[in-house]
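Before any comments, here is the structure.
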Amino acid sequence: IGFLVTRVDVEDGKAATTVATEAQVLSALAEMHLTADDLVVAVGHEGVISLANHVANKWCGGVSLATVPLDLAAVIVSSITPRALDTDDEHQRLVTTKPCARFCFADLEVMDLCDDNAKVAQVCMVATAMSDNEAEFGRIWDRADNLSSGVADIVAEQLAESTKTRGRLSDSSAIAIQQSVPYGWVFVEALRPLIPADQPLSALYADALRFSARIAVAKEALSFDDMLAQDEILERLNIGFVTCDITSEQLIEALKQECFHSTNRFMLPIPMSVGRVRLASVDEELLAEHARAWCEAHASH
């Protein structure tokens, strides 16, 4: 009583995160005479949750948003770092936005706590801890077995902690700390088009953290023990590795193209220690050496 609810259906996934889809939703809001005093509620996976943040930020200078993610990755990844919108098929992830949801309702009873979306969320928890502090890393370490097994109470507790931490890092007044949030994700987006579609996203995300840590050790920015600690926690979470046949030249070119989407500098987020991730330049020779090693280790034969 007292509320008028109007439903707008949007295809989820990548199709949701386009400028064209955003325009359709904005037109729908105009038709229903939505104002800044109203509320937008988004129910869905990565695409819908990301799109809702774009729409809510733009409408009337900002309208209240409540999200109801339907998988764990949509909670910790898309709610804090909404996927940028594609302008067309050739120009992807160029229109960015800040997260703006006032409320996020995550019902674990409707989610699969052991599927690949859950594994992506677990890798994101590790990446967040690597950007925050050793205590956060230690909590995930202690809970790794229960997280991997999908123990609901433990998943809920860690999901809430890591999502709050990721939000705090994203909203930091220090640019260097904000830049730590995409740790691993540059590698993921760069290689996504190059690897077989049947390879788990969680494995690619974990490989991104492993690759970045090895670069950091080679730069003498990260200790060997910290690299091994990250490797071990990913192993305890049962996160695997991708298999693909690409060349080191393809890998390097993809990384550079991904970086140059949003900046004129080629810099990667790499861990300096457990609890500290920063953007850093990478020597061409060093990058080539590690790219060759990665491609050889992940080849199918």
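First residue of the sequence shown? That's -6 in the numbering used here, and the numbers climb one at a time after it. Backbone N, C-alpha and C fix where the C-beta goes; we use that ideal spot for every residue, glycine too.
Per DSSP, what kind of secondary structure is residue i in: helix, strand or coil?
i	result
I263	strand
F96	strand
G37	strand
A292	coil
D109	helix
S195	helix
S241	helix
D79	strand
P189	coil
L248	helix
L152	helix
S274	strand
V210	helix
R86	coil
L227	helix
L184	helix
L58	strand
R0	coil
R258	coil
Who are the Cβ neighbours of residue i in its own chain at under 6 Å, not counting the five residues just before and after it?
i	result
Q295	Given a span of -6 to 294 for the chain in the structure shown, any question on residue 295 remains unanswerable.
V211	Residue 211 is actually Ala in this sequence, not Val. Cβ neighbours of A211 beyond the five flanking positions: L279.
E213	none
A145	L101
Q192	V235
C107	G143
Report the residue from the options whose alpha carbon sits nearest the alpha carbon of residue i.
i	options	result
D30	S57, I226, K7, D5	S57
S141	S124, V116, L202	V116
I226	E127, T89, V36, V48	E127
F98	A292, V12, V34, V(-2)	V34
A247	E277, G233, A114, A183	A183
I239	H291, C53, R0	H291
F204	H254, A281, K112	A281
E39	P193, L63, W134	L63
H84	L261, F253, M25, P264	F253
Cutting at 8 Å between CB atoms, please list the residues of its own chain near residue i, excluding the five before and the five after it.
i	result
P92	N46, S72, I73, T74, P75, G160, S163
L187	C237, I239, Q243, L244, A247
D224	R203, A206
E296	Outside the displayed span of the chain (-6 to 294) sits residue 296, for which this structure offers no information.
Could you give the C-beta distance for residue i and residue j, rounded to a whole number, given that I count them as a contact under 8 Å?
i	j	result
R207	M220	7 Å
V41	L19	Contact doesn't hold; Cβ gap of about 15 Å is too wide.
Y198	V270	Y198 to V270, Cβ: 14 Å. No contact.
F234	A190	Not confirmed; about 16 Å, so no contact.
L65	A137	Actually they do not touch by this definition, with Cβ atoms about 15 Å apart.
E15	L(-3)	The pair is not a contact, with the Cβ atoms about 23 Å apart (cut-off 8 Å).
C153	V181	Residue 153 is actually Ala in this sequence, not Cys. Rounded, the Cβ-Cβ distance is 24 Å, inconsistent with contact.
Output needed for residue i: all residues of its chain with C-beta closer than 7 Å, excluding positions within five of it in sequence on either side, in chain order.
i	result
A94	N46, L58, A59, T60, S72
T90	N46, H47, N50, P75
T11	L78, D79
V1	V18, A21
V275	I208, L261
Within 8 Å of any Cβ in chain B, is that where the Cβ of residue i sits?
i	result
M25	Protein chain content of the structure displayed is limited to a single chain, and chain B is not contained in it.
Got a sec: does the ligand MN put a non-hydrogen atom nearer than 7 Å to the Cβ of residue i?
i	result
T14	Absence of the ligand MN from the depicted structure is noted, as is the absence of any ligand whatsoever, leaving it without description.
Restricting to runs no shorter than 3 residues, where is the beta strand (DSSP E) found entirely within the stretch 3 to 53? 32 to 37
Report the residue ranges of all alpha helix (DSSP H) runs contained in full by the stretch 113 to 179; include only those spanning at least 4 residues, in chain order. 127 to 142, 145 to 163, 168 to 171
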